[in-house]
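Going by the working numbering, the residue at position 517 of the sequence shown is 519; the numbering climbs one at a time, nothing skipped.
In this text, a Cβ means the ideal position worked out from N, Cα and C, and glycines have one as well.
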Amino acid sequence: MGEPKHAFLVTGGNIDSMVNHYSVTKKRRKEDAYTPGGNVAGKRPDRATIVYSNLIRQSFKGVPIIIGGIEASLRRMAHYDYWSDQVKRSILLDSQANLLVYGMAEKSIIEVADALSSGIGIEHITYVKGTCYKATSTKDLYDAVILPSYKTIRQNNEDYARSFKAQAQNTDSITAKTLVEPYSDREFVVQLPPKSILTQSEFDRIYGLPYERNYHPSYEALGGVAAIQEVKFSIIANRGCFGGCNFCALTFHQGRTMQSRSESSIVREAEAFVWDNDFKGYIHDVGGPTANFRKPSCRMQLKNGVCKNKQCLFPEKCKNLEVDHSEYVGILRKLRKIPKVKKVFVRSGIRFDYLMYDKDPTFFNELTEHHISGQLKVAPEHVDHCALSYMGKPDHTVYSGFTRRYDKRNKQIDKKQFLVPYLMSSHPGSDLHSAIKLAEYLRDIGHQPQQVQDFYPTPATASTTMYYTGIDPRTMKEVFVAKTSKEKAMQRALIQFKKAQNYDLVKEALVAAGREDLIGNGSKCLIKEKTGRSQRNQDADLYLSSLKKKKGVGGGSDNKQKSLKKSKGPGGQKKSPAKGPSKSERPRKKKTIRNVHKKKK
Ligand code: SF4
């Protein structure tokens, strides 16, 4: 690798390397859809941005290093790192980079490149919005917010929560102030306010560039890159999200103000698909972080910025929220009419509450009729009011209303399209009682999810702050957090209470919560009492211990069970444990009054 003209630009890839490498239980993942060959994990190092930057620094001492991308963006200030269970410093310090560009950063990086190319030294680029830099003093900063120091937030949970809250309130390009995080008297990380959002023409220009829409041809021989399948014929139509889910870091990366591409730009991109030999007529997605958000949530925010202390959809719809799907409907209609396009799917998440607030049913009707590929995935995440309020999600009644409307609509159009709810276990605020409520709901609707997502504490979310500190940064009040692997496993098992392997955990959870009423044969019970089976197991144990006594064989109880399963009769025939031992092998019954009387008869 040669020395660049201006600077090294380093990212960890399009997914955080730790999320990419480890599951929520901190087990190493076996597959990596972003690596050629797919089934090969571990081609990138853990904490890739730090590793790459330090390697560069070893070889090129004086060359500027600028880090960016999702991994750097969400770790720009000190943050709780779930994988090491520590509060880490800003990635700017650990990477030894000179500058960090956060967010989508198209405009910031151009301004930085212009500055470097005009001869300004990297140490003097301390004015570009959307960047963080290191400083030895704060004396030149105007109207900056000094956050609690790194040392303080490591020692004090309230200070950590306060720091997070201040950062969350300064993510809007109109109202945000400069933030300063002290590390010592002579070391500070300075975060300048976010860069202004893209205008529609800027957005169109960026997405109108002649991208290859494929991985590098050299990866073909290795089996290609699996992740391309989902995105190759998908169209990014918007960015930003005013949904405000507490477990999502999007506010820190793209902000709450919606930005969207024009209809003509989106249609042009789709028209180009038909010239691709791989295109079979299916557009996989037309969306963004939330498919059905196209416009800013209200007009006021364009002048005043988004509200610092208020959410647009939580705890209920803001009275200023403008609900309108008409432009999105128009775009989808145009895409459907493109020759050789057979189907246009919407696979990005739909905010069902926003959809329900729309008095015009056109979007809902056309979505269900034209844009669902057999099942619509939505994210109610939970049903319990308490858990939902810590997630920042709408009340369960909104989701219930949506499911009824969805069922009715499918009957009208005579389609069997399933609704698949994404559900999350062990989110802060969700205790065993919340998890049982969710299990009861699943029992009532007759649905057993294939997969359950445990809450994953990733950097830069309010929920991760709750997880680490036990404090809700919105209110600074304490919140319950399920932290032990046992507690988490019980919540997860309750969501899949029908799975045989979850029986013991579900029973333990129900007993611990004092909900034994849900164990038994009643129609409302989640699991049955296992009395019959345990009696059989006791019989089998009795039989095996008699054999052991007879033959003098050793072995623990696990071995006994295995040998019982594998035991074969004469001629290699399997001996059924249910039939039991032959008469001569049976342990002699104890003489009791009843036995003696029986014999006499
Ligand atoms: S006024 Fe309402 S809709 Fe507008 S930004 Fe504030 S909370 Fe959102």
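Status (buried if at least 16 other CB within 10 Å, exposed otherwise) for residue i
i      : result
Gln493 : buried
Met302 : exposed
Gly4   : exposed
Asp287 : buried
Asn523 : exposed
Gln313 : buried
Asp560 : In this predicted model, Asp560 has a pLDDT of only 37, less than 50, meaning its place in the structure is not dependable; the value taken from the coordinates is given anyway. Answer is exposed; the Cβ neighbour count stays below 16.
Leu57  : exposed
Thr471 : buried
Glu183 : buried
Ala9   : buried
Gly121 : exposed
His255 : buried
Asn16  : exposed
Asp506 : exposed
Asp355 : buried
Ser198 : exposed
Asp83  : buried
Leu194 : buried
Gln540 : For Gln540, the predicted model reports a pLDDT of 49, less than 50, meaning its position is unreliable and no value from the coordinates is stated.
Glu383 : buried
Arg164 : buried
Asn311 : exposed
Asn22  : buried
Asn248 : buried
Lys581 : With a pLDDT of 38 at Lys581, under the threshold of 50, the modelled position of that residue is not reliable, and no figure is offered here.
Asn100 : buried
Phe420 : exposed
Residue i at chain B interface by Cβ criterion, 8 Å
i      : result
Asn100 : No chain B appears in the structure shown, which is made up of a single protein chain.
Selected residue, minimal CA-CA separation from residue i, among the options
i      : options                           : result
Ser236 : Ala511, Thr154 and Ile268         : Ile268
Ser86  : Arg49, Asp474, Glu318 and Ile529  : Arg49
Ile72  : Tyr185, Asn216, Thr253 and Asn100 : Thr253
Gly516 : Ile438, Lys413 and Cys134         : Ile438
Leu357 : Phe205, Gly332 and Ser328         : Ser328
Gly246 : Lys282, Glu271, Phe295 and Asn216 : Phe295
Met106 : Leu95, Thr133 and Arg353          : Thr133
Val12  : Val53, Gln453 and Gln202          : Val53
Gly14  : Val26, Lys45 and Thr27            : Lys45
Phe244 : Pro423, Leu323, His387 and Cys388 : Leu323
Ala389 : Met426, Phe365 and Pro219         : Met426
Val42  : Gly351, Asp519, Tyr221 and Ser350 : Tyr221
Met20  : Gly123, Pro459, Leu528 and Asp360 : Pro459
Glu489 : Lys501, Tyr359 and Leu512         : Leu512
Ile112 : Ile68, Asp161 and Phe249          : Ile68
Glu204 : Glu271, Lys109, Gln157 and Thr259 : Lys109
Lys28  : Ala272, Ser487, Val276 and Ala514 : Ser487
Gln202 : Leu181, Ala117, Tyr424 and Lys297 : Lys297
Inter-residue CB distance, residue i and residue j (contact presumed, cutoff 8 Å)
i      : j      : result
Ala80  : Ser97  : No, Ala80 and Ser97 are not in contact; Cβ-Cβ is about 14 Å, not under 8 Å.
Leu102 : Ala251 : Not a contact, Cβ separation roughly 16 Å.
Gly283 : Lys344 : 3 Å
Leu392 : Met468 : This sequence places Tyr at residue 392; Leu is not what is there. Rounded, the Cβ-Cβ distance is 7 Å, consistent with contact.
Across the segment 160 to 175 and the segment 119 to 130, are there enough close Cβ pairs to call them in contact, namely three or more that are closer than 8 Å? Fewer than three beta-carbon pairs drawn from the segment 160 to 175 and the segment 119 to 130 are found closer than 8 Å, and the two stretches are therefore not classed as touching.
Counting pairs of Cβ atoms below 8 Å between the segment 288 to 305 and the segment 222 to 232, do you hit three or more? no
Specify whether the segment 23 to 41 and the segment 135 to 150 touch according to this definition: at least 3 beta carbon pairs, one from each stretch, less than 8 Å apart. Too few Cβ pairs lie closer than 8 Å, so no.
Would the segment 55 to 64 and the segment 439 to 447 be scored as touching if the rule is three or more Cβ pairs under 8 Å? no
Which parts of the segment 428 to 484 are runs of the alpha helix (DSSP H), unbroken and 4 residues or longer, counting only runs that do not cross its ends? 434 to 447 and 464 to 471
Report the start-end ranges of each beta strand (DSSP E) in the segment 287 to 360 that is 3 residues or longer and not cut off at the edges. 287 to 289
Alpha helix (DSSP H) runs contained entirely in the segment 56 to 92, provided each spans 4 or more residues: 71 to 76
Kindly confirm or deny that the segment 478 to 489 and the segment 427 to 437 touch, where touching means at least three C-beta pairs closer than 8 Å. yes
Could you say if the segment 402 to 418 and the segment 464 to 478 meet the contact criterion of at least three C-beta pairs nearer than 8 Å? They do not touch, by the three-pair rule.
What residue ranges within the segment 376 to 421 form continuous alpha helix (DSSP H) runs of no fewer than 4 residues, ordered along the chain? 387 to 393 and 398 to 414
So within the segment 218 to 284, which uninterrupted alpha helix (DSSP H) runs reach at least 4 residues, ignoring any that extend past its ends? 230 to 233, 252 to 255 and 265 to 275
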